[in-house]
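Residue numbers (the numbering used here): 120 to 304.
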């Protein structure tokens, strides 16, 4: 089975930071003082370690996970969740970035996703690198690694709904397939 026990969300790795510390960061990131951090404000505040802007698709994905009121951003309480989520991903990324290059190559990606429970072909790991390597270096940066994992999990969740016998195979019509994909993108 290709998706035996895939990774759900970053595990609890660190103790939560002090609320005063988070409030100071929140205020610095909330440039327009609206009390809500927008995707553009969060993108400007995040670093992917490559001196390029943080992937806007990743930022929107993260905001959508924590924005409980669909306001297009996160308030302070939601920001605390975003902070923990990103910090946990940083720790995971560092764990699998074995050569400390600041990037995850194909072998490191294989180790990470295998550790999350995925069993994928070598060819598919190449496909993932091609899809999520925005800098065309044959490896993925921190923000693109998060996006790769988010997309893979979402696609797996949709696939599982149709794979009722959990054998890794489904039969769907063209329109069912399109619906599956459009629910993710």
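Note that beta-carbon positions come from the ideal geometry of N, C-alpha and C, so glycine has one too.
Values in this document were obtained by computation on a predicted structure and should not be read as measured data.
Residue state for residue 234 is assigned as helix, using DSSP reduced to three classes.
Minimum Cα-Cα distance from residue 271 among the listed residues 237, 301, 283 corresponds to 237.
For residue 191, the closest C-alpha among the options 233, 157, 206 is that of 157. Between the beta-carbon of residue 198 and that of residue 145 there is about 5 Å, and that keeps the pair under the 8 Å contact cut. A contact between stretches requires three or more CB pairs, one per stretch, nearer than 8 Å, and the segment 202 to 219 meets this requirement with the segment 247 to 264.
A direct Cα-to-Cα measurement between residue 219 and residue 227 gives close to 11 Å.
With the rule of 3 Cβ pairs closer than 8 Å, the segment 167 to 178 counts as touching the segment 250 to 262.
Just measuring C-alpha positions, the residue of 249, 286, 268 sitting nearest residue 230 is 268. In this structure, the straight-line span from the alpha carbon of residue 258 to that of residue 274 is close to 21 Å.
Contact annotation: residue 221 and residue 154 have beta-carbon atoms that are not nearer than 8 Å. For residue 303, the CB contacts under 8 Å within the same chain, skipping 5 residues up- and downstream, are 270, 273, 274, 277 in chain order.
For residue 195, the uninterrupted alpha helix (DSSP H) run begins and ends at 195 to 215, by DSSP. For residue 139, the enclosing alpha helix (DSSP H) starts and ends at 138 to 148. Excluding residues up to 5 positions away in sequence, 156, 160, 164 lie with their Cβ nearer than 6 Å to the Cβ of residue 148 in the same chain. Per the coordinates, the alpha-carbon of residue 150 lies some 12 Å from the alpha-carbon of residue 162.
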